[in-house]
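Engineer:
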Amino acid sequence: MDFLVELFRNLHDHQDWTMAQVCSDSYGKTLKKWHGWLASSSFTVAIKLAPDRKKFMEVIGGSGDISADMEKFCVAFSPMLQEIHKFLASVGLDNMKAS
């Protein structure tokens, strides 16, 4: 969920970025710290297959106001994710890294 929130935040806030930039930045801020070399390298390869930004926005947009929906999603889920992270830290599960 952290990745999705950051992805939508980047799409909303950086409308001049390509999908590769949006995804790479989101990955670097959220998932990369949890991944080892293999998973991180796989992401780098997978991002080359991402659709262009316009096509992605058309697919997820539907008939509503996608920009407003992305902002609502980020505002709604960010506090929940903070609570989840606090809980994970309280039980010592906030520093697990995939090998």
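First residue of the sequence shown: 1222, per the working numbering; consecutive thereafter.
For glycine and all other residues, C-beta sits at the position ideal for the given N, C-alpha and C.
Computed from a predicted structure; not experimentally measured.
1. Using three-state DSSP, classify residue 1312 as helix, strand or coil.
2. Along the chain, which unbroken stretches of the alpha helix (DSSP H) at least 4 residues long are found entirely within the segment 1239-1313?
3. Specify the secondary structure class of residue 1237 as computed by DSSP and reduced to three states.
4. Taking 8 Å as the threshold, find out whether the segment 1234-1241 comes into contact with the segment 1256-1266 through three or more Cβ pairs.
5. What's the C-alpha gap between residue 1316 and residue 1273?
6. Please name the residue, chosen from 1251, 1237, 1233, that lies closest to residue 1224 on a Cα-to-Cα basis.
7. Given residue 1295, which residues of its chain have a CB within under 8 Å of its CB, disregarding the five upstream and five downstream residues?
8. What separation, rounded to the nearest whole angstrom, lies between the Cα atoms of residue 1292 and residue 1301?
Structural biologist: According to the structure data:
1. coil
2. 1240-1251, 1258-1268, 1274-1282, 1287-1311
3. coil
4. no
5. 34 Å
6. 1251
7. 1226, 1229, 1230, 1233
8. 15 Å
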